[in-house]
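In this note's numbering, the protein residues as written are 7 to 251. Glycine is no exception: its CB is placed at the ideal position from the N, C-alpha and C atoms. What follows is a short report on a single structure.
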């Protein structure tokens, strides 16, 4: 079906419904729309993506990516790592679209006290996750410090399935998709099916937590159904490449 790589400005216009302005955009005016007074905080401990993973993935891709999608961004650890990697390589024209409803997962609903008091104090307010505003604060901090380009990370606040259908509707074809979302039986399979379809030819979908039973079950099921190889970057991070033809 070929590839379609819109620019950061083009995707921003689609999502925000206004042109991107360097002095007036979702990050530059974040302080005025920060209802929970969030500031930079990378306390959340569970993020497994590393630079050596990205080295291996870019080598597997065989080129620099032109567009990246991340599904499941939470506080932004993996998005920031990828954005820093892009800056180190001088790739200032690669959008990194971060898809997340920022509502939390099943574990956050079941174990309220752990999330509110232990893992990430301040994560909940009146029963609502504050993770979107934490994500925005963390990303803005890196932009302001010059650690990442101002036009790399672009959040889309919606579910993974709605966002996948948005990619289909707009014919956006990422070269790389990082899948780190629900980790539930059948959900991972569904997301993997949708985002693999959205990939550009030769693109790579990769993900976290292969040690989780639901994740490994669904990734193996998808690979077997489609006759595809699972590449293991370590015991946790996995990748599947889409054939060129």
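Here residue 105 is near residue 169, since their CB atoms are less than 8 Å apart. Look at residue 108 here: in three-state DSSP terms it is coil, with no helix or strand label.
The beta carbon of residue 171 lies closer than 6 Å to none in the same chain, with the five residues before and after it left out. Approximately 15 Å separates the beta-carbon atoms of residue 147 and residue 31; this is outside 8 Å, ruling out the contact. Closest in C-alpha terms to residue 65, from the list 205, 36, 209, comes 209. Taking C-beta atoms under 8 Å as the contact rule, residue 74 and residue 182 qualify, at a distance of about 5 Å. Using a 10 angstroms sphere on the CB of residue 251, the tally of other CB atoms stays under 16, which defines it as exposed. Residue environment for residue 204: buried (at least 16 other C-beta atoms within 10 angstroms of its C-beta). Looking at 70, 232, 161, the one whose alpha-carbon comes closest to that of residue 14 is 161. Taking the C-beta atoms as reference points, residue 117 is found no nearer than 8 Å to residue 83. In this structure residue 72 touches residue 11 by the C-beta definition: roughly 4 Å separates them, less than 8 Å.
With contacts defined by Cβ atoms closer than 8 Å, residue 48 and residue 151 do not form a contacting pair.
Annotated three-state conformation of residue 32 is coil, per DSSP. When rounded, the separation of the alpha-carbon atoms in residue 164 and residue 115 is 18 Å. Closest in C-alpha terms to residue 190, from the list 63, 126, 88, 225, comes 225. Residue 222 and residue 249 have their C-alpha atoms spaced approximately 21 Å apart. Across the set 19, 100, 43, 139, the C-alpha of 100 shows the shortest separation from the C-alpha of residue 180. Residue state for residue 10 is assigned as coil, using DSSP reduced to three classes. Look at residue 135 here: in three-state DSSP terms it is strand. If you draw a 10 Å sphere on the C-beta of residue 96, you find fewer than 16 other C-beta atoms in it, and that means exposed.
Runs of the beta strand (DSSP E) lying entirely within the stretch 24-91 and spanning at least 3 residues, in chain order: 74-77. Within the same chain, 129, 130 come within 7 Å of residue 122 by CB-CB distance, once the 5 residues on both sides are set aside. The beta carbons of residue 242 and residue 216 sit closer together than 8 Å.
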